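Have a look at the structure below before the remarks.
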Amino acid sequence: MAEFNIDETVDITDVVCPVTFVKAKVALEELDDGQILSIRLNDGEPLQNVPRSIKEEGHQVLKLDANGDGTYTLIVKKTGD
35 MAEFNIDETV DITDVVCPVT FVKAKVALEE LDDGQILSIR LNDGEPLQNV PRSIKEEGHQ
95 VLKLDANGDG TYTLIVKKTG D
C-alpha cells in the first residue's frame, strides 16, 4: 500500500453539499501543482459528489479510505490548471 506525503489537510465533515466541494476546491486552489491534499468527508452525498467533482476539475484521486467511524479520507493530487 502506497503512502503519500500529505501537503495539506481539510476536514469537511461539518458542512453539507454543495459546500463540501466548495471547501475542498478552495483547499486545492491554495496548493501548488503536484501537491497532495487529504480531505476528511462524511458518507452519503459528500462521498458520492466530492471525488467525482474533483476528477471533473482535472485533479487526480489517489486513494479513498474508510475511517471506520462513518467518515472517509480522500487523498487528491493537484494537477495543472
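Just so you know, we're using the numbering used here here: the sequence shown kicks off at 35 and counts up by one. All C-beta atoms, glycine included, are put in the ideal place defined by N, C-alpha and C. Keep in mind it's a predicted model, so treat the numbers as computed, not measured.
Classification of residue i by the beta-carbon crowding that lies within 10 angstroms, buried from 16 upward
| i | result |
| --- | --- |
| Ala58 | buried |
| Phe38 | exposed |
| Asn76 | buried |
| Ile46 | buried |
| Met35 | Below a pLDDT of 50, predicted positions are generally treated as unreliable, and Met35, at 42, falls in that range; the measurement from the model is reported next regardless. Met35 comes out exposed. |
Extent of the continuous beta strand (DSSP E) run through residue i
| i | result |
| --- | --- |
| Gln82 | It is not in any beta strand (DSSP E) - Gln82 instead sits in the alpha helix (DSSP H) that spans 79-90. |
| Val44 | 42-45 |
| Asn76 | 70-76 |
Residue range of the unbroken alpha helix (DSSP H) whose run includes residue i
| i | result |
| --- | --- |
| Lys59 | 53-63 |
For residue i, the residue or residues it bridges with in DSSP
| i | result |
| --- | --- |
| Gln94 | Lys111 |
Assumed close pair residue i, residue j - CB separation to whole angstroms, cut-off 8 angstroms
| i | j | result |
| --- | --- | --- |
| Pro5 | Leu108 | Residue coverage of the chain in this structure runs from 35 to 115, which leaves residue 5 outside it and unanswerable. |
| Val82 | Thr113 | Residue 82 is actually Gln in this sequence, not Val. Gln82 to Thr113, Cβ: 22 angstroms. No contact. |
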